[in-house]
Amino acid sequence: MSQSLSARLDIDSNRVISEISPLLFSGFAEHMGRCIYDGIYDPASKQADENGLRRDVLAALRELNYRSMRYPGGNFLSGYFWEDGIGPKENRPSRRDLAWQSIESNQFGTDEFLHFCREINTEPMLGVNMGTGSIQDAANLVEYCNAPAGSRYADLRAANGQQDPYGVKYWCLGNEMDGPWQIGHLDAIEYGKKAREAAKMMRWHDNSIELVLCGSSGPQMPTYPEWDRIALELCWEHVDYHSMHYYAGNQNDDTPSYLALSADFEDFVETLEAVLRYVKAKTRSKHDVYLSWDEWNVWYKARELSDMRGGWTEAPHLIEEVYNLEDALVVAQWLNVFLRKADVLKIACIAQIVNVIAPILTRRDDLLKQSTYYPLKLFSQMASGNSLDVQVESPRYETNEYGDMPLLDVAAAHDPAAGKNTIFIVNRSLTDSIALEVHWQGVKPIRFTSAQQLAGDDPKAANSWDDPNRITPQAIYAPRIIDGSAELSLPPLSFTALGVEL
Ligand code: AHR
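Using this note's numbering, the first residue of the sequence shown is number 9, and each one after it goes up by one.
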């Protein structure tokens, strides 16, 4: 039976953790399943524009306001010949993609991707193949994208219709090279040396690029966090970011523990932050390296081998996970962690953006927004400025996995230029509403400008083609703020996003 519990939140805009990097709201698009073909690019759809990009998908992606987009993989990257995907489409070869046992037609490649990024106003983040690819291939791709016309690969780009350099700033040195499943998997020393040599050549083409080193594919890896230490020691001065990947799940159907997963997310960041400090000290460096959480999402329902094997077909249905309310609450907490760790975490890409473990599903001419679409949208549109170190006094509960945990998970931001606070709160309770007193220290707020809430009584409820709006945020009553304080009621299983004018 539901009872009312109480909690207190203190916010002080002077208690700044760090400026929030806008790149924390980024995405990842892989040549896998129906992410690219049938998702972003589908010339046969009624939704297709003159370039074959789906207008409905573009509109939904623009709403999410992704600040950068990682591409083309993922495991796909480690067997990808980027030169297959440029030039006249009729000359591009079809290849067997060994990562997902699918047929890759190469009808969408680097130029199409960079055009797509312009369409959704996002910064591209290109991966170079460190599996079957050579350091020369990696350097050639930088030349193709960023060098002025007048040399072989830059002239090829111009001949393919793009005279001016694209100026791609963010580059990933491979993908999950610590994983034995990776095509061309390397150990940490082999990878660190290869990545360092690739980085040197890539930078000699364009010294302004920023590079992301492969970190551990997850804290469950037997090589974690040694892999991170070794690769970083070999590459420290040559890279700007260190990547981390993590996929979350409720495999044991233990919702109280699942909803406490932010404990794991924080632990992962804190361990890698310690590794960064150690390596910086050991190398006596003045250079800083930050974290790039460039694959994160819920993924556990479509995890059989058969969900990941395409049977050598084009655009097979792979890992099209359906997301429910509890998944959306985990995504909201993940985004809270990004704000709370904004001092060390500068990039985060949800994996992936369409159809493949994605907030958006498509079928021939329709699009469905899943539950996880909404926390992403609220954070991406609202969180700006500085993240704040808030103080929360919350009732607690017992979990099997993480012991005693607070029922509330909170993050907040202050944007001095816009004169606003934003507050994001997850109530993890399955049964209890919580009466929350909010107190602002220092600057007194004027009023709530928006109050949106995603909530429900069934953690397994999901949007579907027949019921597309089952889990959507609702505008809730926002109380008056009197003398720097307000009281809100947070229902069980809820995520609330508040905008406040200061
Ligand atoms: O996003 C799906 C896959 O998960 C990616 O290709 C890979 O990097 C990770 O293991």
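Every residue, glycine too, gets a C-beta built ideally from N, C-alpha and C.
Excluding sequence positions up to five away, which residues of its chain have a Cβ less than 6 Å from the Cβ of A486? The residue labelled residue 486 in the question sits at position 478 within the sequence shown. Result list for A486: F456 and A459, in chain order.
Worksheet item: Going by Cα to Cα distance, which pick from G464, R488, S497 and S493 is closest to P481?
Response: Numbered from 1 along the sequence shown, position 473 holds the residue referred to as residue 481. The residue among G464, R488, S497 and S493 with its C-alpha nearest the C-alpha of P481 is G464.
- prompt: Under the criterion of a Cβ to heavy atom distance below 8 Å, does N327 qualify as lining ligand 1?
  reply: The sequence position of residue 327 within the sequence shown is 319, counting from 1. According to the sequence as given, residue 327 is Ile; it is not Asn. Correct: I327 has its Cβ closer than 8 Å to ligand 1.
**Prompt:** Mind checking R488: buried by the 16 CB within 10 Å criterion, or exposed?
**Reply:** Start at 1 with the first residue of the sequence shown, and residue 488 comes out as number 480. By the 16-neighbour rule on beta-carbons within 10 angstroms, R488 is exposed.
For this session: Tell me whether M241 sits in a helix, a strand or coil according to DSSP, three-state version.
Result: Here residue 241 refers to the residue found at position 233 of the sequence shown. In the sequence as displayed, the identity of residue 241 is Glu instead of Met. Correct three-state label for E241: helix.
*Where does the unbroken beta strand (DSSP E) through V418 begin, and where does it stop?*
As a working mapping, residue 418 is identified with position 410 in the sequence shown. Note, V418: beta strand (DSSP E), L416 to D423.
Handout entry: Nonlocal neighbours in the same chain, by C-beta distance under 6 Å from G192, ignoring five residues either side
Key = For the purposes of this step, residue 192 is identified with residue 184 of the sequence shown, where counting begins at 1. So the qualifying residues of the chain are S86, G139 and T140.
* Asked: Excluding five sequence neighbours on each side, which residues of the same chain lie with their C-beta closer than 6 Å to the C-beta of Q259?
  -> The residue you call residue 259 lines up with position 251 of the sequence shown. Result list for Q259: Y308, in chain order.
Please classify R404: is it buried, with 16 or more other beta-carbons within 10 angstroms of its beta-carbon, or exposed? Along the sequence shown, read from residue 1 onward, the residue named residue 404 stands at position 396. Exposed is the call here.
Margin query: According to DSSP, is I490 part of a helix, a strand, or is it coil?
Written below: Along the sequence shown, one-based indexing puts residue 490 at 482. Here I490 sits in strand by DSSP.
- In chain order, each beta strand (DSSP E) run of at least 3 residues that lies wholly inside the region 115-182: Correct list: 131-136 and 178-181.
(request) Decide if I19 is buried, meaning its Cβ has at least 16 other Cβ atoms within 10 Å, or exposed. (result) Indexing the sequence shown from 1 puts residue 19 at position 11. It is buried - the Cβ of I19 has at least 16 other Cβ atoms within 10 Å.
- [ ] Tell me E303's beta-bridge partners as DSSP assigns them.
- [x] As a position in the sequence shown, residue 303 is number 295, starting the count at 1. According to DSSP, E303 bridges with H253.
For this session: Flag V364 as yes when its Cβ comes closer than 8 Å to any non-hydrogen atom of ligand 1, and as no otherwise.
Result: Stepping through the sequence shown from its first residue, residue 364 is reached at position 356. Checking every heavy atom of ligand 1 against the Cβ of V364, one is found closer than 8 Å.
* Taking only the alpha-carbon atoms, compute the straight-line gap between N129 and R63 and give it to the nearest angstrom. => Within the sequence shown, residue 129 is the residue found at index 121, counting from 1. Within the sequence shown, residue 63 is the residue found at index 55, counting from 1. Rounded to whole angstroms, N129 to R63 spans 14 Å at the Cα level.
Report yes if the C-beta of Q228 is less than 8 Å from at least one heavy atom of ligand 1; otherwise report no. Here the question's residue 228 lines up with position 220 in the sequence shown. Because no heavy atom of ligand 1 lies under 8 Å away, the Cβ of Q228 does not count as near it: no.
- Item | D20 - containing beta strand (DSSP E), residue span | Along the sequence shown, read from residue 1 onward, the residue named residue 20 stands at position 12. For D20, the uninterrupted beta strand (DSSP E) segment begins and ends at S12 to D20.
### Task
For the beta strand (DSSP E) holding K354, just list the boundary residues, first then last.
Within the sequence shown, the letter at position 346 stands for residue 354. First-last of the beta strand (DSSP E) with K354: L353 to A359.
**Asked** Rounded to a whole number of angstroms, what is the C-alpha to C-alpha distance between D272 and E409?
**Response** Numbered from 1 along the sequence shown, position 264 holds the residue referred to as residue 272. Numbered from 1 along the sequence shown, position 401 holds the residue referred to as residue 409. Put simply, the backbone Cα of D272 is about 10 Å away from that of E409.
Would you mind giving the Cβ-Cβ distance between G82 and N183, rounded to the nearest angstrom? I have them listed as a contact below 8 Å. One-based indexing of the sequence shown puts residue 82 at position 74. One-based indexing of the sequence shown puts residue 183 at position 175. Between N183 and G82 the Cβ distance is about 6 Å, and since that is below 8 Å, they are a contact.
From the DSSP secondary-structure annotation, give me the bridge partner or partners of D92. Against the sequence shown, residue 92 aligns to sequence position 84. BP columns for D92 are empty, so no partner.
> In its own chain, which residues sit with a C-beta less than 6 Å from the C-beta of F116, not counting the 5 before and 5 after it?
Replying inline: Sequence index remark: in the sequence shown, residue 116 carries index 108 (1-based). Close CB contacts of F116 within its chain, under the 6 Å cut and outside five residues either way in sequence, are with I44 and Y49 (chain order).
field: W235 CB to nearest heavy atom of ligand 1 below 8 Å
entry: Here residue 235 refers to the residue found at position 227 when the sequence shown is read from its first residue. W235: no, Cβ never under 8 Å from ligand 1.
Alpha carbon to alpha carbon, how far is P506 from A420?
By one-based count along the sequence shown, residue 506 stands at place 498. By one-based count along the sequence shown, residue 420 stands at place 412. The residue you asked about is not Pro; residue 506 is Leu in the sequence shown. Going from the Cα of L506 to the Cα of A420 covers about 9 Å.
- prompt: Short check: CB of M133 to CB of Y178, under 9 Å?
  reply: Working through the sequence shown from its first residue, we reach residue 133 at position 125. Working through the sequence shown from its first residue, we reach residue 178 at position 170. A Cβ-Cβ contact shorter than 9 Å links M133 with Y178.
Taking the alpha-carbon of E406 as reference, which of Q171, L438 and G427 has the nearest alpha-carbon? Locating residue 406 in the sequence shown gives position 398, where the first residue counts as 1. If we check each option's Cα against that of E406, L438 comes out closest.
Assigned secondary structure, T231 (DSSP; H/G/I helix, E/B strand, else coil): Residue mapping note: residue 231 aligns to position 223 of the sequence shown, counting from 1. Per DSSP, reduced to three states, the secondary structure at T231 is coil, with no helix or strand assignment.
Express the C-alpha separation of I361 and Y232 in angstroms, rounding to a whole number. Reading the sequence shown from its first residue, position 224 is the one you call residue 232. Reading the sequence shown from its first residue, position 353 is the one you call residue 361. C-alpha separation (whole angstroms): 27 Å.
Exercise. Closer than 7 Å by C-beta to A68: which residues in its own chain qualify, once you throw out the five before and the five after it? Chain order, please.
Key: Within the sequence shown, numbered from 1, the residue matching residue 68 stands at position 60. Excluding residues within five positions, the ones whose Cβ falls inside 7 Å are I368, L375 and K377.
**Report entry** For W473 and P101, the rounded distance between their alpha carbons
**Finding:** As a first step, residue 101 must be located in the sequence shown, where it is residue number 93. As a first step, residue 473 must be located in the sequence shown, where it is residue number 465. The C-alpha of W473 is placed about 36 Å away from the C-alpha of P101.
If you count every other CB in all the chains shown that lies within 10 Å of the CB of L496, and 16 or more means buried, which is it? What you label residue 496 is simply residue 488 of the sequence shown in a count that begins at 1. Counting every other CB atom within 10 Å of its CB across the protein chains shown gives L496 a total of 16 or more, marking it as buried.
Bridge partners of T430, per DSSP? Mapped onto the sequence shown, residue 430 falls at position 422. Answer is A421 and G507, bridged to T430.
Open item on the list: Please tell me whether W342 has its Cβ less than 9 Å away from any Cβ of chain B.
Closed with: The question asks about chain B, but that chain is absent: this structure has only one protein chain.
**Asked** Taking Cβ to Cβ, would you say Y298 is nearer than 9 Å to V352?
**Response** In the sequence shown, the residue the question calls residue 298 occupies position 290. In the sequence shown, the residue the question calls residue 352 occupies position 344. The criterion of a C-beta distance shorter than 9 Å is satisfied by Y298 and V352.
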